[in-house]
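In the working numbering, the protein residues as written are 14 to 230.
Worksheet for the structure shown next.
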Ligand code: TYD
């Protein structure tokens with residue numbers, strides 16, 4: 014019997030995969046499509062998003078994305094709030110799902126903090142990693158998929174009603190992008206960069222091809 018086209022998806026059981034990238038990279042669209050593909054292939058998938066994903070985390074999210082608090086939250090406080098929400102997410106959702114053998118698929122994770130509060134914001138990467146170790150324990154992702162786009166393409170995809178995180182300027186977004194690319198360059202075993210400049214269909218095909226070659230037996 015011929016092997017099913019997505020037989021490699023079986024290898025995602027019990028793995029922890031993150032989809033990440035700059036605002037406007039289209040990662041959330043790809044996330045939904047990929048979660049569907051996995052579910053159709055018969056692999057249980059636990060989908061989580063950051064910041065949020067738990068009741069406590071959603072409250073933290075409201076604080077983080079509130080325009081009224083724009084000038085008040087310090088960078089370090091912001092980083093710790095993201096990480097606090099993440100610690101809750103790991104304990105409540107990620108760890109139990111991995112223990113059940115599900116694929117955990119996360120929309121953003123610590124790679125976002127390293128790019129936004131680290132590379133773009135200026136907090137030392139080692140500091141973020143140290144706090145991450147406290148928040149995550151042994152539950153670091155197996156793979157971080159980075160959807161890479163230039164700023165012009167990203168800007169053209171963003172809604173004009175921008176939230177606090179998205180209102181920061183061009184240089185900030187350039188640094189965010191570079192922050193992701195640097196993470197991937199330093200740790201290629203745990204990162205996969207997908208060129209996300211094209212339309213959603215093309216990017217999805219590219220994503221599946223790249224993932225298949227990463228997870229092929
Ligand atoms: P959200 O509306 O969830 O955007 P998206 O759909 O792009 O994920 O907003 C999340 C914003 O928070 C986004 O601009 C990235 C930012 N962010 C950080 O700065 N640090 C982090 O650790 C995380 C998880 C997100």
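Backbone N, C-alpha and C fix where the C-beta goes; we use that ideal spot for every residue, glycine too.
When you compare only the Cα positions, how much space is there between residue 168 and residue 101?
The sequence position of residue 168 within the chain shown is 155, counting from 1. The sequence position of residue 101 within the chain shown is 88, counting from 1. Taking the straight line joining both Cα atoms gives about 32 Å.
Looking at residue 98: is its Cβ nearer than 8 Å to the Cβ of residue 33?
By one-based count along the chain shown, residue 98 stands at place 85. By one-based count along the chain shown, residue 33 stands at place 20. Contact: no.
Regarding residue 95 and the ligand TYD, is the C-beta to nearest heavy atom distance less than 7 Å?
Here residue 95 refers to the residue found at position 82 of the chain shown. Answer for residue 95: yes, Cβ within range of the ligand TYD.
Minimum C-alpha distance to residue 42 - residue among 198, 182, 170 and 228:
Position 29 of the chain shown, counting from 1, holds the residue named residue 42. Of the listed residues, the one whose Cα sits closest to residue 42 is 170.
Can you give me the C-alpha to C-alpha distance between residue 1 and residue 145, rounded to a whole angstrom?
Because the chain spans 14 through 230 in this model, residue 1 falls outside it and cannot be assessed.
On the CB-based measure, 16 or more other CB atoms within 10 Å of its CB, does residue 38 come out buried or exposed?
Here residue 38 corresponds to residue number 25 of the chain shown, with the count starting at 1. Buried, since its Cβ has 16 or more Cβ neighbours within 10 Å.
Can you name the start and end residues of the beta strand (DSSP E) that residue 193 belongs to?
Numbered from 1 along the chain shown, position 180 holds the residue referred to as residue 193. From DSSP, residue 193 is part of no beta strand (DSSP E) but of the alpha helix (DSSP H) over 183-199.
May I ask you to check if the CB of residue 130 is nearer than 7 Å to at least one heavy atom of the ligand TYD?
Locating residue 130 in the chain shown gives position 117, counting from the first residue. Checking every heavy atom of the ligand TYD against the Cβ of residue 130, one is found closer than 7 Å.
So residue 159 and residue 197 are supposed to be a Cβ contact under 8 Å. How far apart are they, rounded?
As a first step, residue 159 is located in the chain shown; it is residue number 146 there, counting from the start. As a first step, residue 197 is located in the chain shown; it is residue number 184 there, counting from the start. Between residue 197 and residue 159 the Cβ distance is about 6 Å, and since that is below 8 Å, they are a contact.
Three-state secondary structure (DSSP) of residue 202:
Residue numbering aside, residue 202 sits at position 189 when the chain shown is read from its first letter. Coil.
Near residue 85, which residues of its chain fall below 7 Å by C-beta distance, leaving aside the five closest residues on each side in sequence?
Walking along the chain shown from the start, residue 85 turns up at place 72. Here the set comprises nothing.
Could you spell out the range, first to last residue, of the alpha helix (DSSP H) harbouring residue 120?
For the purposes of this step, residue 120 is taken as the residue at position 107 of the chain shown. Element bounds for residue 120: not the alpha helix (DSSP H) but the beta strand (DSSP E), 116-120.
Closest to residue 121 by C-alpha separation, out of 162, 105 and 154, would be which residue?
Taking the chain shown and counting its residues from 1, the one referred to as residue 121 is at position 108. Of the listed residues, the one whose Cα sits closest to residue 121 is 154.
Compute the Euclidean distance between the alpha carbons of residue 225 and residue 199, then round it to the nearest angstrom.
Start at 1 with the first residue of the chain shown, and residue 225 comes out as number 212. Start at 1 with the first residue of the chain shown, and residue 199 comes out as number 186. Answer to the nearest angstrom: the Cα atoms are 22 Å apart.
Would residue 106 pass as a contact of residue 61 if the rule is Cβ separation under 8 Å?
Reading the chain shown from its first residue, position 93 is the one you call residue 106. Reading the chain shown from its first residue, position 48 is the one you call residue 61. In contact: residue 106 and residue 61 (Cβ atoms closer than 8 Å).
Span separating the alpha-carbon of residue 93 from that of residue 76
Walking along the chain shown from the start, residue 93 turns up at place 80. Walking along the chain shown from the start, residue 76 turns up at place 63. In a straight line, the C-alpha of residue 93 is about 12 Å away from that of residue 76.
Kindly list the residues whose CB is nearer than 6 Å to the CB of residue 40, restricted to its own chain and excluding five residues on each side of it in sequence; keep chain order.
Numbered from its first residue, the chain shown carries residue 40 at position 27. 32, 34 and 160.
Identify, in the order they occur along the chain, each residue of the same chain with its Cβ nearer than 8 Å to the Cβ of residue 27, setting aside the five sequence neighbours on each side.
The sequence position of residue 27 within the chain shown is 14, counting from 1. Once the five neighbours on either side are set aside, the close Cβ partners of residue 27 are 111, 114, 115 and 116.
Is residue 61 helix, strand or coil when you go by DSSP?
The residue labelled residue 61 in the question sits at position 48 within the chain shown. Residue 61: strand per DSSP, three-state reduction.
Grab the span of the alpha helix (DSSP H) containing residue 171 for me, first residue to last.
Indexing the chain shown from 1 puts residue 171 at position 158. From DSSP, residue 171 is part of no alpha helix (DSSP H); its letter is neither H nor E.
Spatial neighbours of residue 21 in its chain, beta-carbon cut-off 8 Å, leaving aside the 5 residues before and after
As a first step, residue 21 is located in the chain shown; it is residue number 8 there, counting from the start. Once the five neighbours on either side are set aside, the close Cβ partners of residue 21 are 224, 225, 228, 229 and 230.
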